[in-house]
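A.B. asks: Mind looking over this structure? Questions follow.
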Amino acid sequence: MSQPVIEIRELRKSYGDFKAVNGLSLTVNQGDVYGFLGPNGAGKSTTIRMLMSLIAPSSGSIKVFGMDLQTHRTEILGRIGAIVERPDFYNYLTARRNLELLGRLSGADISRSATTRILGMVGLDARAESKVKTFSHGMKQRLGIAQALLHSPDLIVLDEPTTGLDPHGMVDMRDLILELAADHKKTIFLSSHILPEVELTANRMVIINRGQAIIEGAVQDLLNAGRLKVTIETPDAAKALDVVKASPLADHIHSHTDNALILMLEQSEIPHVASMLASAGVALRGIVPVRSLEEYFISLTREAA
Amino acid sequence: MILTAYRVEMSKIFSKWRTFIGFLALAVLIPIVVVGMSMQGEQFFKFATAGLKDNFEFSGHLLNGYAVAYIIFSSLYLHVPFLITLVAGEVLAGEATAGTYRLLLTRPLSRATMVNAKYLSTLTYTFLLVLTMAILSLGLGIGFLGTGEVFIIRQQITILQADDLLWRFAYAYGWAFLAMATVSSVAFLCSSLVENAIGPIMTTMSIIIVMTIISAIDVPLFDYVRPLFFTNHMNSWKFFFDDPVRWDRIVPSFIALMTHIVGCYVAAHVIIRRKDILT
């Protein structure tokens, strides 16, 4: 079994009566791309800020690389690269100068070739000598990735890393995450609102809401749990709707259009529905089951709310 | 690590245009005063000594580089603090405003190291500003007008010989650094308290103005609070130009300024170490 890189136990952070994080526990193992999901205000950013030692927990413990964050802060931060929320930089400095100054503080190689290489990785080598105040949000986001990778950290914490990126940038980011995990054996803690991004990159994940973990586990296991969103394509959707309404599956109806009926079904129920509709003389053009993290995420957070 | 962090902070300070406002202001103002005094300074001194003509006979060069440097020192002393707060007030709060605390405090350096590096860089900036003032006023003053005696009228009349002045100026500028370091420290403390860079600059300036006004009002009620104001002790540089030097007045002022410096520094440390970075 791989070593835990992050161990969070009963973590809490309160602001007066408001509990931003309320007894959160999770474990990230070495080599994981760990998806950290939750709706707005769920406590994701507060958790990441506590993980990065920017705010102090009210109670609970955080261990990183087996060391307590409170007592080994400097040692731990030397092995983490992070983007925490917005990518803010020293706007009056160039991209390269920002990396040089931040790299010095991280003990990184800040030679011209090293900064050029890292800027090239994120597609900013042509703008290395431009002041950051001339950068778009997406370019700052790329620079944020560059500064996080500058000192070759073992753990990379990415808080909404694709925010502001164009579709090409999002694909590049996804590929970079997969490359860092597969080829460079980095552990990645990925907080994101873009669920397909987590679905395509993460191997394990947690969904949090109101400062608590709702569910944690392997992404594929979680995807296989629960119902599928099944689209039944038919020219006779009204008749299909009547047939299903008259059956014990009436409460599984999600929605319908003139040409399709959408049901929420267990995998095992699909053949039965197909047979039932065929027997009733409904012409079927196709049955498309979709199991997405988005559906799962929405259903879980809705239940918790 | 402190040295690395200090170098980074110095790089940041000297990459901002506002850092150079103070140097630019001195570089413009001091030459104007020196040139003006060299052209029409005699009239200034005639006016200054007009009330003493009946009892004293003046000979020699009253208008000289030391005298001009002394006048510049007295005039700029209350204005330089405002230039210093422009930089010192922003040094911590500027990180909060820009959102760069998140970048800085996720590096492998302790918060104490970060605060120390920032404080040292603020003191360095303060030192360089005072040094610029000293070099420009003494250098240009002596260069244009040569050396000579300085005639100082305060509670008593003191005449200081030319060869007795340079060391007094050295002490006075040393004192100026101590006084400006106090201003820097107050601005640094204000900067640790808020997350808007303008706030500490305005607050420090307001503190200086309020303390200076109260110190200047000669009401017995204020006699009790006046010694507590650091602005009251900033002026103690004048005692270096008494003969003999008034150490009995300088030492308590030194203790008062140092108390302010250490107090502000320690308070800023405690605040930053406990601060939740929410920006």
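Protein chains in written order, with the working numbering: chain A, 1 to 305; chain B, 1001 to 1279. Just so it is clear, CB atoms sit at the ideal spot from N, CA and C, and this is done for glycine as well.
(1) Measuring alpha carbon to alpha carbon, tell me which of Pro248(A), Val282(A) and Arg210(A) ends up nearest Ser235(A).
(2) Name the one or two DSSP bridge partners that Asp9(A) has.
(3) Hey, does Thr307(A) have any beta-carbon neighbour from chain B nearer than 8 Å?
(4) Note down, in chain order, all residues in the region 1077-1110 of chain B with a beta-carbon under 8 Å from any beta-carbon belonging to chain A.
(5) Pick from Tyr1265(B), Ile1159(B), Ser1184(B) and Asp1242(B): whose alpha carbon is nearest that of Leu1123(B)?
(6) Since Phe89(A) meets chain B, which of its residues come closer than 9 Å, beta carbon to beta carbon?
(7) Return helix, strand or coil for His254(A), following the three-state DSSP convention.
(8) Leaving out the 5 sequence neighbours to the left and right, which residues in its chain are closer than 7 Å to Val1080(B) when beta-carbon positions are compared?
(9) To the nearest angstrom, report how far apart Leu102(A) and Val1225(B) are at their CA atoms.
(10) Under DSSP, the alpha helix (DSSP H) around Ala1005(B) begins and ends at which residues?
(11) Please name the residue in Phe65(A), Leu200(A) and Asp183(A) whose C-alpha comes closest to that of Leu220(A).
(12) If the criterion is Cβ atoms closer than 8 Å, does the pair Val84(A) and Met52(A) meet it?
(13) Looking at the secondary structure, which residues open and close the alpha helix (DSSP H) in which Ala1069(B) lies?
(14) Counting C-beta neighbours from all protein chains within 10 Å, is the total for Ala20(A) 16 or more, i.e. buried, or is it exposed?
(15) Leu93(A) versus chain B: which residues are under 8 Å apart at the beta carbon?
(16) How many angstroms separate the CA atom of Asn1235(B) from the CA atom of Ala1176(B)?
(17) Can you pull the chain A neighbours of Ile1277(B), defined as C-beta to C-beta under 8 Å?
(18) Buried or exposed, going by whether 16 or more other CB atoms sit within 10 Å of the CB of Gly1089(B)?
(19) Are there 16 or more other CB atoms within 10 angstroms of the CB of Phe89(A), so buried, or fewer, so exposed?
(20) Below 9 Å on C-beta distance, what does Arg12(A) contact in chain B?
(21) Quickly, what does DSSP pair Pro4(A) with across the bridge? List them, please.
(22) By DSSP, does Glu216(A) sit in helix, in strand, or in coil?
(23) Does any residue of chain B bring its CB to less than 8 Å from the CB of Gly138(A)?
(24) Is the number of C-beta pairs between the region 1058-1078 of chain B and the region 1025-1039 of chain B that are closer than 8 Å three or more?
(25) Ile1135(B): which of Arg1154(B), Leu1104(B) and Gly1174(B) sits nearest, CA to CA?
(26) Would Gln147(A) count as contacting chain B if we go by Cβ distances under 8 Å?
(27) What separation, rounded to the nearest whole angstrom, lies between the Cα atoms of Ser1038(B) and Ile1084(B)?
(28) Establish whether the CB of Leu69(A) and some CB of chain B are separated by less than 8 Å.
(29) For Pro1220(B), which of helix, strand or coil comes out of DSSP?
C.D. replies: Based on what the coordinates show:
(1) Sequence index remark: in the first sequence, residue 235(A) carries index 235 (1-based). Here residue 235(A) is Pro; the residue named in the question, Ser, does not match the sequence. Among Pro248(A), Val282(A) and Arg210(A), the Cα nearest to that of Pro235(A) is on Val282(A).
(2) Here residue 9(A) corresponds to residue number 9 of the first sequence, with the count starting at 1. Before going on, a small fix: residue 9(A) reads as Arg here, not Asp. Residue pairing of Arg9(A) in beta bridges, as defined by DSSP: Ser61(A).
(3) The first residue shown for chain A is 1 and the last is 305, placing residue 307(A) beyond what the model contains.
(4) Cβ contacts with chain A: Ala1098, Gly1099, Thr1100, Tyr1101, Arg1102, Leu1103, Leu1104, Leu1105, Thr1106, Arg1107, Pro1108, Leu1109 and Ser1110.
(5) Position 123 of the second sequence, counted from the first residue, corresponds to residue 1123(B). Of the candidates Tyr1265(B), Ile1159(B), Ser1184(B) and Asp1242(B), the one whose C-alpha sits nearest the C-alpha of Leu1123(B) is Ser1184(B).
(6) As a working mapping, residue 89(A) is identified with position 89 in the first sequence. Chain-ordered, the chain B residues with CB closer than 9 Å to the CB of Phe89(A) read Ala1098, Gly1099, Thr1100 and Leu1103.
(7) Counting from one through the first sequence, the residue named residue 254(A) turns up at place 254. It is a strand residue.
(8) Mapped onto the second sequence, residue 1080(B) falls at position 80. Excluding positions up to five away in sequence, the list reads Leu1129, Met1133 and Met1180.
(9) What you label residue 102(A) is simply residue 102 of the first sequence in a count that begins at 1. What you label residue 1225(B) is simply residue 225 of the second sequence in a count that begins at 1. Note on geometry: alpha-carbon atoms of Leu102(A) and Val1225(B) lie some 46 Å from one another.
(10) Taking the second sequence and counting its residues from 1, one reaches residue 1005(B) at position 5. Annotation: the continuous alpha helix (DSSP H) that includes Ala1005(B) extends over Ile1002 to Ile1013.
(11) One-based indexing of the first sequence puts residue 220(A) at position 220. In the sequence as displayed, the identity of residue 220(A) is Gln instead of Leu. Checking every option, the nearest Cα to that of Gln220(A) belongs to Leu200(A).
(12) Residue numbering aside, residue 84(A) sits at position 84 when the first sequence is read from its first letter. Residue numbering aside, residue 52(A) sits at position 52 when the first sequence is read from its first letter. If you check the CB distance, Val84(A) and Met52(A) come in under 8 Å.
(13) The residue you call residue 1069(B) lines up with position 69 of the second sequence. First-last of the alpha helix (DSSP H) with Ala1069(B): Gly1065 to Leu1076.
(14) For the purposes of this step, residue 20(A) is identified with residue 20 of the first sequence, where counting begins at 1. The residue is buried, with at least 16 neighbouring Cβ atoms inside 10 Å.
(15) Your numbering for residue 93(A) matches position 93 in the first sequence. Within chain B, the residues near Leu93(A) are Lys1012 and Ser1015.
(16) Within the second sequence, numbered from 1, the residue matching residue 1235(B) stands at position 235. Within the second sequence, numbered from 1, the residue matching residue 1176(B) stands at position 176. C-alpha separation (whole angstroms): 9 Å.
(17) Locating residue 1277(B) in the second sequence gives position 277, where the first residue counts as 1. Arg49, Leu54 and Ile55, listed in chain order.
(18) Residue mapping note: residue 1089(B) aligns to position 89 of the second sequence, counting from 1. With 16 or more Cβ atoms within 10 Å of its Cβ, Gly1089(B) is classed as buried.
(19) As a working mapping, residue 89(A) is identified with position 89 in the first sequence. Label assigned to Phe89(A): buried.
(20) Residue mapping note: residue 12(A) aligns to position 12 of the first sequence, counting from 1. Those do not exist, as Arg12(A) stays about 14 Å from chain B at its closest Cβ, beyond 9 Å.
(21) As a working note, residue 4(A) is residue 4 in the first sequence. Bridge partners of Pro4(A): Asn29(A).
(22) Here residue 216(A) refers to the residue found at position 216 when the first sequence is read from its first residue. Glu216(A): strand per DSSP, three-state reduction.
(23) Reading the first sequence from its first residue, position 138 is the one you call residue 138(A). Not a single CB atom of chain B sits nearer than 8 Å to the CB of Gly138(A).
(24) Yes, since at least three Cβ pairs between the region 1058-1078 of chain B and the region 1025-1039 of chain B fall closer than 8 Å, the two stretches touch.
(25) The residue labelled residue 1135(B) in the question sits at position 135 within the second sequence. When the alpha-carbon of Ile1135(B) is set against those of Arg1154(B), Leu1104(B) and Gly1174(B), the nearest one is in Gly1174(B).
(26) By 1-based counting over the first sequence, the position of residue 147(A) is 147. Cβ-Cβ to chain B under 8 Å: yes for Gln147(A).
(27) Here residue 1038(B) refers to the residue found at position 38 when the second sequence is read from its first residue. Here residue 1084(B) refers to the residue found at position 84 when the second sequence is read from its first residue. If I take the Cα positions, the gap works out to 29 Å.
(28) As a position in the first sequence, residue 69(A) is number 69, starting the count at 1. No, Leu69(A) lies away from the interface with chain B (no Cβ there is under 8 Å from its Cβ).
(29) Indexing the second sequence from 1 puts residue 1220(B) at position 220. Taken through DSSP and simplified to helix, strand or coil, Pro1220(B) comes out as helix.
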